[in-house]
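Asker: Going line by line, the protein sequences match chains A and B.
In terms of the numbering used here, the first sequence is residues 1193 to 1357.
In terms of the numbering used here, the second sequence is residues 822 to 1020.
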Amino acid sequence: MNPYLAGVGLGLVLLLAFVLMGRGLGASGAFSTIVAVIVDAVAPAHAQANEFYLGYLENGYGSPFKSFLMFEVIGVLVGGFISGALAGRVKRTVERGPRMSAKGRIGLAILGGTMMGFGAKLAGGCTSGQGLSGGAVLGLGSWTFMIMVFVGGYAGAYFLRREWR
Amino acid sequence: MIAPFYKYGLFGDEVSLILAAVIGVGFGFFLERAGFGSSRKLAAQFYFTDMAVFKVMFSAIVTAMLGLFYLSWAGLVDISMVYVSPTYLLPQLIGGLVLGLGFIVGGYCPGTSVVGISTGRLDAVAFGGGVFSGIFVYGELYPWLADFVKSTSMGRVTLDSWLGVDVGMVVFAVVVMAVLGFWGATTVERKLARREAEA
């Protein structure tokens, strides 16, 4: 799809979230909920003593899973699959550049994901929550965050060109 | 009747969860349509060969921003009830930088990795696993990080209030910057395509 058209579509979904719910979109919060619930299941005293985990455990309507972000992310799974299936893009594969091994790419994906998870929690949100949603409502911290995401990406690109190019 | 409807009690918690799922379906659909189920497409942004990340992100931001501010101007949305994530300047600066590096190393962000997972990308599955471990590391270090992540706290502050100008001026400036950015991005893409064709 034309990137501007996809962007307008995405923007209208975001606007719908603002109008209906008074909040934007998110993603990393759902990952955090799952982490908090697992830590709580394994070591309840440890999780309950930690303000970060506790925030997610006390979130939701009666259960941490009954939260906006959990339901939204389940929707993202479904919506992504519908679009991919309609376009014939559902394929079991490892995305990588022509000079990169699949194993190496998987390793870097785990490393990058770890940095992403950590960075998103430092910033209080990821590209969806801080970038898109915070950007559209002109949050100062969100715009600072967004500029730094691009700075970080471009700063690392030279060193990782073997992975992608 | 005035929006945001949930905050004005038009519907309750259970309905809000159904709406969350519907909103999520739309979110996932357009992310995949944009090609963002593919880490190669996302990473291409940082090699200037395909600037779709910038184009999609900023056309989405401009669309939602204009919609919100026109609706607010028309008195249909109470903007003071719309959540603006609070500013913690330094943590967001450092967090953004770490996240940006994670983006080019890992090839996804949390939202796009969910779309990658649903369309069979094994690197997205690995990335998602990484996100869990990164959040776990953060959670375990939280007692030592708490002071830092709560520092440089400025509360609910928007660009217009920070600059001390009217919100309309900021909205206008963002639109102008986005359009200039789209033009610049396309110009760079074309230049690189020509250079690669010659090589």
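Where is the CB? At the ideal position from N, CA and C, for every residue including glycine.
The structure presented is a predicted model; accordingly, all values stated were derived computationally and were not measured.
#1: Short of 7 Å in beta carbon distance, which residues of its chain neighbour L897/B, apart from the five on each side in sequence? Order them along the chain.
#2: Assuming K1258/A and L838/B form a contact by the criterion Cβ under 8 Å, report the distance between their Cβ atoms to the nearest whole angstrom.
#3: What's the call for N1242/A, buried or exposed, on a 16-neighbour Cβ count within 10 Å?
#4: Within 10 Å of its beta-carbon, does K876/B have 16 or more other beta-carbons around it, so buried, or fewer, so exposed?
#5: Should E1019/B be flagged as near chain A, meaning a C-beta pair shorter than 8 Å?
#6: With a cut-off of 8 Å on the beta carbons, I'd call V1286/A and L863/B a contact; round off their distance for me.
#7: State whether the segment 1221-1231 of chain A contacts the segment 1333-1346 of chain A, with contact taken as three or more CB pairs (one from each stretch) at a distance under 8 Å.
#8: Provide the residue span of the beta strand (DSSP E) that contains G818/B, from first to last.
#9: Helix or strand or just coil, what does DSSP make of M975/B?
#10: Applying the 10 Å Cβ sphere with the 16-neighbour rule, what's the burial state of R1015/B?
#11: Tell me, please, which residues DSSP counts as bridged to A824/B.
#12: Would K1295/A count as contacting chain B if we go by Cβ distances under 8 Å?
#13: Quick check: is the beta carbon of N1242/A nearer than 8 Å to any beta carbon in chain B?
#14: Output the residue ranges of the alpha helix (DSSP H) runs that lie fully inside the segment 949-1007 of chain B and measure 4 residues or longer, sorted by chain position.
#15: Does any C-beta atom of chain B lie closer than 8 Å to the C-beta of L1249/A?
#16: I want to see whether chain B comes within less than 8 Å of G1280/A, judged by CB atoms only; does it?
#17: Quick check on this structure: which residue in A1198/A, L1261/A, G1214/A and L1208/A has the alpha carbon closest to the alpha carbon of A1222/A?
#18: Do S1293/A and G1218/A have their beta-carbon atoms positioned less than 8 Å apart in this structure?
#19: Using the Cα positions of L840/B and E1017/B, report the straight-line distance between them to the nearest angstrom.
#20: Taking C-alpha atoms, which residue in G951/B, V905/B and K971/B lies nearest to L1332/A?
#21: With DSSP as the reference, label Y909/B as helix, strand or coil.
#22: Assuming T1173/A and G917/B are in contact, meaning their beta carbons sit under 8 Å apart, how far apart are those beta carbons, in whole angstroms?
#23: When DSSP labels each residue in this structure, what does R861/B get in the three-state scheme?
#24: Name the two residues that bound the continuous alpha helix (DSSP H) containing A1209/A.
#25: Taking the alpha-carbon positions, what's the L1352/A to F857/B distance?
#26: Measure how close the beta-carbons of G1272/A and S939/B come, nearest whole angstrom, since I'm counting them as under 8 Å.
#27: Nearest-angstrom Cα distance between Y1248/A and S1224/A?
#28: Identify the residues that DSSP records as bridge partners of G1331/A: which are they?
#29: Give a yes or no on whether 8 Å exceeds the smallest Cβ distance from A895/B to chain A.
#30: Which same chain residues, not among the five before or five after Y1350/A, have their C-beta less than 7 Å away from its C-beta?
#31: Write down the C-beta distance between G1254/A and I956/B rounded to the nearest angstrom, noting that I regard them as a contact closer than 8 Å.
#32: Tell me, which residues are paired with R942/B by DSSP?
#33: Going along chain B in order, which residues have a C-beta closer than 7 Å to the C-beta of S1224/A?
#34: Between the segment 986-1015 of chain B and chain A, which residues of the former have a C-beta closer than 7 Å to a C-beta of the latter?
#35: Can you have a look at Y975/B and say buried or exposed, based on whether 16 or more other CB atoms are within 10 angstroms of its CB?
#36: Check V1297/A in the structure and name its three-state DSSP category.
Answerer: Well, looking at it:
#1: Taken in chain order, the residues that qualify are I823 and A824.
#2: The beta-carbon distance between K1258/A and L838/B, rounded to whole angstroms, is 6 Å. This is short enough to meet the 8 Å contact definition.
#3: With 16 or more Cβ atoms within 10 Å of its Cβ, N1242/A is classed as buried.
#4: Counting Cβ neighbours within 10 Å, K876/B comes out buried, since at least 16 surround it.
#5: No, no contact with chain A.
#6: In fact, because the Cβ distance is near 14 Å, the residues do not count as touching under 8 Å.
#7: No, they do not touch.
#8: Lying before the first or after the last residue shown, residue 818/B is absent from chain B, which here runs from 822 to 1020.
#9: Looking at M975/B - three-state DSSP - the assignment turns out to be strand.
#10: Answer is exposed; the Cβ neighbour count stays below 16.
#11: A824/B pairs with V898/B.
#12: Chain B, which has no Cβ nearer than 8 Å to the Cβ of K1295/A, makes this no.
#13: Output row for N1242/A: interface = yes.
#14: The DSSP assignment places 980-984 as complete runs of the alpha helix (DSSP H) inside the segment 949-1007 of chain B, in order along the chain (cut-off: 4 residues).
#15: Using a Cβ-Cβ cut-off of 8 Å, L1249/A does not count as an interface residue toward chain B, since no Cβ of chain B sits closer than that to its own.
#16: No - not a single Cβ of chain B is within 8 Å of the one on G1280/A.
#17: Cα-wise, what sits closest to A1222/A is L1261/A.
#18: Against a cut-off of 8 Å, the Cβ pair of S1293/A and G1218/A comes out as no contact.
#19: About 46 Å.
#20: The shortest C-alpha separation from L1332/A is found at V905/B.
#21: The answer is strand: DSSP assigns Y909/B an E or B state.
#22: Since the displayed chain A opens at 1193 and closes at 1357, residue 1173/A lies outside it and no answer follows.
#23: Helix.
#24: Taken as a continuous stretch (DSSP letters only), the alpha helix (DSSP H) holding A1209/A covers P1195 to M1213.
#25: Each residue's alpha carbon lies about 19 Å from the other.
#26: Your pair G1272/A and S939/B checks out as a contact, with CB atoms roughly 4 Å apart and the cut at 8 Å.
#27: Looking at the backbone, the Cα of Y1248/A and that of S1224/A are separated by about 7 Å.
#28: Answer by DSSP bridge pairing, in chain order: T979/B.
#29: So no, A895/B is outside the interface.
#30: No residues qualify anywhere along the chain.
#31: No, G1254/A and I956/B are not in contact; Cβ-Cβ is about 23 Å, not under 8 Å.
#32: T1285/A, per the DSSP bridge assignment.
#33: By Cβ distance, chain B contributes I956.
#34: Within the segment 986-1015 of chain B, the qualifying residues are V991.
#35: Per the sequence shown, the amino acid found at residue 975/B is Met instead of Tyr. It counts as exposed.
#36: A small correction: the amino acid at residue 1297/A is Arg; Val does not occupy that position in the sequence shown. Reduced to three states, the DSSP call for R1297/A is helix.
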